[in-house]
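This is the structure in structure tokens:
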């Protein structure tokens, strides 16, 4: 998956779970960075 697709999935998941962006930024920062690094 591309980084943008992963980011969209995270945003969609957070919206579905009524999470504020500040909440999921911290939860997913490490996972998103790892996914983006693997994507390169």
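Residue numbers (full-length UniProt numbering): 1 to 40. Just so you know, even glycine gets a beta-carbon here, dropped at the ideal spot from N, CA and C.
- When the Cα atoms are used, residue 6 and residue 15 turn out to be separated by approximately 14 Å.
- For a cut-off of 8 Å, the C-beta gap from residue 32 to residue 10 is around 7 Å, short enough to register as a contact.
- Judged by DSSP secondary structure, residue 8 falls within the alpha helix (DSSP H) whose first and last residues are 3-16.
- Rounded to the nearest angstrom, the gap between the Cα atoms of residue 37 and residue 18 is 28 Å.
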